[in-house]
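Remarks on the structure that follows.
Residue numbers (our numbering): 25 to 143.
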């Protein structure tokens, strides 16, 4: 085998390796971001009534703006799902949160959401 074939084969192998090691799309949002944004909503979601507190809507709005890519939405979904399993929110309040804040959340606040269907 001549040296140019060896170099081309090595480069092809390196490119394939990099393709397998590079994630398709990496989330820019983290669970700590999601939880920080939604922390003001916890008491309301557990035992609130009426309109959510302003700080809750501000945080939910920040989350809605931050979770723009599919990867971000899937990350946010997993974080919200895990948190919702721990705090066990009132399902009616959780479902109505986005509407009551006048925003559109990229994922539902639910312990039972299927995050694989989020896009």
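Don't be surprised by glycine CBs; every beta carbon is placed ideally from N, CA and C.
Asked                                                                                                                                                                    : Found
Can you tell me whether residue 84 is helix, strand or coil according to DSSP?                                                                                           : helix
Could you pull out every residue in the same chain whose Cβ sits closer than 7 Å to the Cβ of residue 117, ignoring the five residues on either side in sequence?        : 68, 69 and 72
Provide the residue span of the alpha helix (DSSP H) that contains residue 74, from first to last.                                                                       : Looking at the DSSP string, residue 74 is not in any alpha helix (DSSP H), and its letter there is neither H nor E.
How many Å lie between residue 143 and residue 95 at the Cα?                                                                                                             : 8 Å
Could you check which residue in 122, 140 and 126 has the C-alpha nearest to that of residue 132?                                                                        : 122
Which whole-angstrom value is the C-beta distance of residue 66 and residue 87, which I expect to be below 8 Å?                                                          : With a Cβ gap of about 14 Å, residue 66 and residue 87 do not count as contacting.
Go ahead and label residue 61 buried or exposed: buried means 16 or more other beta carbons lie within 10 angstroms of its beta carbon, across all protein chains shown. : buried
I need the straight-line Cα distance from residue 140 to residue 120, nearest angstrom please.                                                                           : 22 Å
Which residue wins for smallest C-alpha separation from residue 78, given the options 130, 91 and 125?                                                                   : 125
Going by alpha carbons, who is nearest to residue 85 out of 64, 129, 74 and 108?                                                                                         : 129
Could you give the DSSP three-state label for residue 126: helix, strand or coil?                                                                                        : coil
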